[in-house]
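K.L.:
So that we are looking at the same thing, I have put the structure below in structure tokens.
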Amino acid sequence: MNFPDHLIGLRYLTKQDLDNIFKLTEFYKQKIVSRKPLERILSTKSVINLFFEDSTRTRTSFELAEKKLGMDSVNFSATGSSLSKGESLLDTIKNIEAMKFDYIVVRHSVPGIANYMTQHTTSRIINAGDGTNEHPTQGLLDIYTLKENFGSLKNLNVCIVGNISHSRVALSNIFGLKKLEANVSVCGPFSFIPKNIEGLGVNVYTDINEAIKKNDVMNILRVQLERNAGSLLPSVNEFNKYYGVTKDRLKLNPKIKILHPGPMNINVEIDYHTSVSDNSLIFEQVTNGVAVKCALFHLMNDKKIS
Ligand code: CP
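Numbering (this note's numbering), first residue to last: 49 to 354.
Below is the structure:
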């Protein structure tokens, strides 16, 4: 089966799509960690990284993957663009379309923007995070990191902790992990847990200590203060006290593995010790982010593994 034309969300990918991406990710990971040059298989292709929200990991890793594969890569930031002169988003998109990029990587605060762009451009769209909807490449790199560490994800117990309501990372992880038959749960105060989340086939913990004891992995989400998450909490100190993953709480399950998509709020959802402990896969996630993006462009270009 062919890979889809666009990457809008993990909800739209099949298990076969995920397996194909991860097979190629393994190939690219080996090349990247051994600092071997990659074949410039996309040297005739162009891409624009259209970032309307800030980013460190996603934008940098996209740009690096694009350059490694030989693409003509252009970066766009909302700051410094003609949006400040009142140009509309649709007009901005139409102008980008007129430049005939082969790929558009887009990050925006509006859920659904990546899908909207598929209707207004002829480029292939990759969603790099659309509001509170999905962050599919983050989901892919998180899941690949777990596959590297655990092999099969079948029946692996993965708990996503924190601000689930505001999190595009949570949704992409839930959709992807469920397709690979992991047991997925979420943990946080009720104000952070969407109503009816159980409808996605996940369990809910409100006690972080119980969640740590019963899971193999904690994927710890950032408390998104920029999306007004602070208004749902008495204080960030209270959140740290009741839900922070800390050195002391790691003792409840010394084998547990820790993921965090970044950027971290140290001493809010995680402490520094946990982030650099032997339990942490956080910087492995970042390395895998480059390999996943190489694999993704390769598959979107070829459509299937040759
Ligand atoms: N995980 C993630 O999306 O990080 P950035 O915002 O730095 O890209």
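We put the CB at the ideal spot given by N, CA and C, even for glycine.
(1) Return the CA-CA distance between Met312 and Lys84, expressed in angstroms with no decimal places.
(2) From Tyr76 to Ser129, what does the alpha carbon distance come to, in whole angstroms?
(3) Using a threshold of 9 Å, state whether the C-beta atoms of Thr185 and Phe99 are closer than that.
(4) Output yes or no for whether 9 Å exceeds the beta carbon distance between Arg88 and Gly118.
(5) For Met266, report the span of its beta strand (DSSP E) as first-last.
(6) Quick one: give me the first and last residue of the beta strand (DSSP E) that His156 is part of.
(7) Which residues in the same chain have their Cβ closer than 7 Å to the Cβ of Leu112, if we skip the five residues on either side of it in sequence?
(8) Whose CA, out of Phe240, Glu246 and Leu269, lies closest to the CA of Ser279?
(9) Check each candidate in Gly210, Asp350 and Asp326 and name the one with the smallest Cα separation from Ile318.
(10) Please identify the residue among Ala176, Gly292, Lys303 and Ile245 whose C-alpha is closest to the C-alpha of Lys262.
(11) So Phe99 is in the beta strand (DSSP E); what residue range does that whole segment cover?
(12) Can you tell me whether Ser215 is buried or exposed, with buried defined as 16 or more other CB within 10 angstroms of its CB?
(13) Measure the alpha-carbon distance for Leu201 versus Gly236 and round it to whole angstroms.
(14) Rounded to a whole number of angstroms, what is the C-alpha to C-alpha distance between Glu135 and Thr127?
(15) Judging by CA-CA distance, which residue of Ser328, Pro309, Asp120 and Asn251 is the nearest neighbour of Gly187?
(16) Assign Asp255 to buried or exposed, taking buried as 16 or more other Cβ atoms, counted over all protein chains shown, within 10 Å of its Cβ.
(17) When every heavy atom of the ligand CP is checked, does at least one fall within less than 8 Å of the C-beta of Val340?
(18) Give the secondary structure of Leu307 by DSSP, where H, G and I count as helix, E and B as strand, and everything else as coil.
P.N.:
In this structure, then:
(1) Against the sequence shown, residue 312 aligns to sequence position 264. Against the sequence shown, residue 84 aligns to sequence position 36. About 31 Å.
(2) Stepping through the sequence shown from its first residue, residue 76 is reached at position 28. Stepping through the sequence shown from its first residue, residue 129 is reached at position 81. Between Tyr76 and Ser129, the C-alpha separation is close to 34 Å.
(3) Here the question's residue 185 lines up with position 137 in the sequence shown. Here the question's residue 99 lines up with position 51 in the sequence shown. Contact: no.
(4) Along the sequence shown, one-based indexing puts residue 88 at 40. Along the sequence shown, one-based indexing puts residue 118 at 70. Yes, they are a contact pair.
(5) As a first step, residue 266 is located in the sequence shown; it is residue number 218 there, counting from the start. Its beta strand (DSSP E) spans residues Val265 to Ile268.
(6) In the sequence shown, the residue the question calls residue 156 occupies position 108. Note, His156: beta strand (DSSP E), Tyr151 to His156.
(7) Sequence index remark: in the sequence shown, residue 112 carries index 64 (1-based). Closer than 7 Å at Cβ, skipping near neighbours: Val338.
(8) If you number the sequence shown from 1, residue 279 lands on position 231. Distances from the alpha-carbon of Ser279 to those of Phe240, Glu246 and Leu269 put Phe240 closest.
(9) Working through the sequence shown from its first residue, we reach residue 318 at position 270. For the residues Gly210, Asp350 and Asp326, the minimum Cα distance to Ile318 belongs to Gly210.
(10) Sequence index remark: in the sequence shown, residue 262 carries index 214 (1-based). It is Lys303.
(11) Mapped onto the sequence shown, residue 99 falls at position 51. Taken as a continuous stretch (DSSP letters only), the beta strand (DSSP E) holding Phe99 covers Ser94 to Phe99.
(12) If you number the sequence shown from 1, residue 215 lands on position 167. Label assigned to Ser215: buried.
(13) The residue labelled residue 201 in the question sits at position 153 within the sequence shown. The residue labelled residue 236 in the question sits at position 188 within the sequence shown. Taking the straight line joining both Cα atoms gives about 23 Å.
(14) Mapped onto the sequence shown, residue 135 falls at position 87. Mapped onto the sequence shown, residue 127 falls at position 79. Those two C-alpha atoms are separated by around 13 Å.
(15) Counting from one through the sequence shown, the residue named residue 187 turns up at place 139. Taking only the C-alpha atoms, the option nearest Gly187 is Pro309.
(16) If you number the sequence shown from 1, residue 255 lands on position 207. For Asp255, the number of other beta carbons within 10 angstroms of its own is below 16, and it is reported as exposed.
(17) On the sequence shown, residue 340 is found 292 positions in, with the first residue counted as 1. For the ligand CP, not one heavy atom lies less than 8 Å from the Cβ of Val340.
(18) Along the sequence shown, read from residue 1 onward, the residue named residue 307 stands at position 259. In this structure, Leu307 counts as strand in the three-state DSSP scheme.
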